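Novice: In the UniProt record's numbering, the protein residues as written are 1 to 715. By construction, the Cβ of each residue, glycine as well, lies at the ideal position given by its N, Cα and C atoms. Given the structure is predicted, the values throughout are model-derived calculations rather than measurements.
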């Protein structure tokens, strides 16, 4: 006989109020809060599978909750729709997901949906003609409101039930997660031809095209659409070739651009070679570092290095890209940086009609090359033997980055890199999710160094690779001097901490060495009192982690000694962070000194320290710029067209960069409105203003900034 005072809860699954299988209305997710859960507890990762059918006045759906090992919950329901059926479907599904996440202490990492979706939520086909004012799509709201990756798996009507479809969808999505990662989707290449599988080969849908249009000025969007229509009607195929699918700024840009062009229906593809550590050691330390002038004095390019680099290139070409259907037989091939320059002769030989564009993303010490200084001139001359066979040289918009021999040999144009306002590096992050990423970073630091971050004290942040050109010794010394000054003046009770982090890249072997040198510095006598306030760690390939860190920072730093452009500066300004940065490379082109941040000389720790003192004593640490705080920005923000207003310039975002590329493609191919007889009149008029009503020699663009042409400015 049971004790009436026994308050133990029965765990006997047979003691259920109902017998037999539950009806759909009874199969609900558990929304009761965990009684033992503390407010400070970290959210646990879950993955949702969703299958639904939308009918005239109701929606039937099934949700499966997966913890990465198996199903841990489900819900099957039929709900009546009110008012705008499409909007009501989205609201009900998203509200239910938020309610579940908050009640159970879960972070929804992926929401995998069984597709194709019914008409109200149907993913639109690739199309340039869109409604700029259309409401946010269902998948975009998953990305922005839940901070979950929206993953579409076409498995409709392949399973016995909606639950079966939802289960299959989430299990297929989980196959794309990187090993041991909770939220990082693989960015690999097709093993057959090394084409980069952007967004899980199109299964991930972060936004629809109209959502980029809504963040873009009408004039720029009109230009983008007109050029895209011309290229599409002409049947142009474009191939990008670069070193790696993930890890550096070039890869980030390519992901964003391919995503955009795919939505617009353009035939643009991106390929990478199979990497090799020995070769990447050569391309980073004996190509990249030497050209930037940050190499040790004993480093030079040897004949054996050249032989290995060329054999590796030949091997990749023969294995993946030789044959009648290979990707280099495109109308245009874009070569990104020195790592893949030796492919140019192969393309010239096997596809002589292909137009080749070489895109340089680094600062080349043209002063040393022009003066014949070794080893810079040796390395550049070796690479230029390949590069000069291209049809066009594209550089960052700094003329000093282009050696004299390039200008004498081939046409050169200038354009900046870009970042994307809707990708993981820049999208708004719900305020409650900022804590998720802070917990993630705390765990990362704890596992790496055993340190503990005090998030209440605030922090100074530099997001950059651990690279000899990023000014890391200058920043930590500047921080040390800043701490000495605030201590001497008694200005701050709890001084801010310093965080240095960034992604690593498989083609960059310097990271470990630079990080170890930094750790040696921090263990030296001058840093003994503050070393526990400096946190340095390489970040995993989770873009939203860097986004969250930047949004929560007091101030962002970018104190490179040598720099190509460093788009992280633009990303910080986009999040309304004050930026302390050096006058290196393309950095001053992004910052209005005194408006967006403070510019200091490269290699000057004292100036860095003074800029930090000024920031914390001027009130900027309280009011920031633009929005009151970057992490309170709950809507996507676009760029500005001219020098007025706040935030980065529009040319530094994906649509602006894509438009510049499209203009160059038309020019290098000699495309004009004469090639397309069915262009909308508004597109034809815009193309006429760009001079695309007739064929023009690409050499006439020599020395021009592409953005100036698009914005009809004088060069």
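What are the complete alpha helix (DSSP H) segments, minimum 4 residues, inside the stretch 238 to 269?
Specialist: Complete alpha helix (DSSP H) runs here, min 4: 249 to 264.
Novice: Give me the Cα-Cα distance between residue 536 and residue 515, rounded to the nearest whole angstrom.
Specialist: Rounded to the nearest angstrom, the two C-alpha atoms are 8 Å apart.
Novice: Can at least three beta-carbon pairs, one atom from the stretch 39 to 53 and one from the stretch 106 to 122, be found at a separation below 8 Å?
Specialist: Verdict: yes, contact present.
Novice: Quick one: using the 10 Å Cβ neighbour count with 16 as the cut-off for buried, is residue 556 buried or exposed?
Specialist: With 16 or more Cβ atoms within 10 Å of its Cβ, residue 556 is classed as buried.
Novice: Is it the case that the stretch 413 to 426 contacts the stretch 646 to 664, given that we only count it when at least three CB pairs across the two stretches are under 8 Å?
Specialist: Contact between the stretch 646 to 664 and the stretch 413 to 426 is present, because at least three Cβ pairs lie under 8 Å.
Novice: Residue range of the beta strand (DSSP E) that residue 426 falls in?
Specialist: Element bounds for residue 426: n/a, residue is neither H nor E.
Novice: With residue 110 as the anchor, note down where its beta strand (DSSP E) starts and where it stops.
Specialist: Note, residue 110: beta strand (DSSP E), 106 to 115.
Novice: Should residue 333 go down as buried or exposed, given a rule of 16 or more other Cβ atoms within 10 Å for buried?
Specialist: Classification for residue 333: buried.
Novice: Residue 137 and residue 91: beta carbons closer than 7 Å?
Specialist: Not in contact: residue 137 and residue 91 (Cβ atoms no closer than 7 Å).
Novice: List the whole-angstrom C-beta distance separating residue 282 from residue 268, where the pair is believed to meet the contact cut-off of C-beta under 8 Å.
Specialist: Rounded, the Cβ-Cβ distance is 29 Å, inconsistent with contact.
Novice: Using DSSP with H/G/I as helix, E/B as strand and the rest coil, what is residue 386?
Specialist: In the structure shown, residue 386 sits in a helix (DSSP, three-state: H, G or I).
Novice: On the DSSP bridge list, what partners appear for residue 53?
Specialist: 60.
Novice: What does the alpha-carbon distance come out to for the pair residue 716 and residue 687?
Specialist: Lying outside 1 to 715, the shown extent of the chain, residue 716 is not represented and no answer is given.
Novice: Using only the alpha-carbon positions, how far apart do residue 213 and residue 221 sit?
Specialist: If I take the Cα positions, the gap works out to 6 Å.
Novice: Which two residues bound the contiguous alpha helix (DSSP H) that contains residue 578?
Specialist: Here residue 578 belongs to no alpha helix (DSSP H); instead the beta strand (DSSP E) covers 578 to 582.
Novice: Across the stretch 242 to 252 and the stretch 161 to 181, are there enough close Cβ pairs to call them in contact, namely three or more that are closer than 8 Å?
Specialist: Result no; under three Cβ-Cβ pairs closer than 8 Å.
Novice: Give me whichever residues DSSP pairs with residue 78 in a beta bridge.
Specialist: BP columns for residue 78 point to 60.
Novice: Between the C-alpha atoms of residue 200 and residue 187, what's the straight-line distance to the nearest angstrom?
Specialist: About 7 Å.
Novice: Roughly how many whole angstroms lie between the Cα atoms of residue 59 and residue 93?
Specialist: Distance between the alpha carbons of residue 59 and residue 93: 10 Å.
Novice: Hey, residue 584 and residue 605: beta-carbon distance below 7 Å or not?
Specialist: Not a contact, by the Cβ cut-off of 7 Å.
Novice: Between residue 469 and residue 285, what straight-line distance do the alpha-carbon atoms span, to the nearest angstrom?
Specialist: Each residue's alpha carbon lies about 12 Å from the other.
Novice: Tell me whether the beta-carbon of residue 132 lies closer than 7 Å to the beta-carbon of residue 210.
Specialist: In this structure, residue 210 lies closer than 7 Å to residue 132 by Cβ.
Novice: Kindly give me the distance between the Cβ atoms of residue 325 and residue 459, rounded to whole angstroms, as I take these residues to be in contact under 8 Å.
Specialist: So it is not a contact: roughly 51 Å between Cβ atoms.
Novice: For the stretch 434 to 446 and the stretch 665 to 676, state whether three or more C-beta atom pairs, one from each stretch, are separated by less than 8 Å.
Specialist: Contact fails: fewer than three Cβ-Cβ distances are below 8 Å.
Novice: Using a threshold of 7 Å, state whether the C-beta atoms of residue 139 and residue 205 are closer than that.
Specialist: In contact: residue 139 and residue 205 (Cβ atoms closer than 7 Å).
Novice: DSSP state of residue 151, grouped into three classes?
Specialist: Reduced to three states, the DSSP call for residue 151 is strand.
Novice: Tell me, please, whether the stretch 148 to 155 touches the stretch 109 to 129 by the rule of three or more beta-carbon pairs shorter than 8 Å.
Specialist: Flag = yes, the stretch 148 to 155 and the stretch 109 to 129 touch.
Novice: Helix, strand or coil for residue 666? Go by DSSP, reduced to three states.
Specialist: DSSP places residue 666 in helix when its eight states are reduced to three.
Novice: In terms of residue numbering, what span does the alpha helix (DSSP H) encompassing residue 607 cover?
Specialist: First-last of the alpha helix (DSSP H) with residue 607: 605 to 617.
Novice: By alpha-carbon positions, which one of 256, 573, 179, 471 ends up nearest to residue 582?
Specialist: If we check each option's Cα against that of residue 582, 471 comes out closest.
Novice: May I ask which residues mark the beginning and end of the alpha helix (DSSP H) holding residue 537?
Specialist: Element bounds for residue 537: not the alpha helix (DSSP H) but the beta strand (DSSP E), 534 to 539.
Novice: In whole angstroms, give me the CA-to-CA distance for residue 543 and residue 260.
Specialist: One C-alpha to the other measures close to 18 Å.
Novice: Measure the alpha-carbon distance for residue 518 versus residue 483 and round it to whole angstroms.
Specialist: Approximately 18 Å between the Cα atoms of the pair.
Novice: Could you tell me whether the stretch 444 to 458 touches the stretch 520 to 530, where touching means 3 or more Cβ pairs closer than 8 Å?
Specialist: Result no; under three Cβ-Cβ pairs closer than 8 Å.
Novice: Within a Cβ cutoff of 6 Å, which residues of the same chain sit near residue 466, ignoring the five residues on either side of it in sequence?
Specialist: Only 511, 514, 515 meet the Cβ criterion.
Novice: Go ahead and pull the three-state DSSP assignment for residue 233.
Specialist: Correct three-state label for residue 233: helix.
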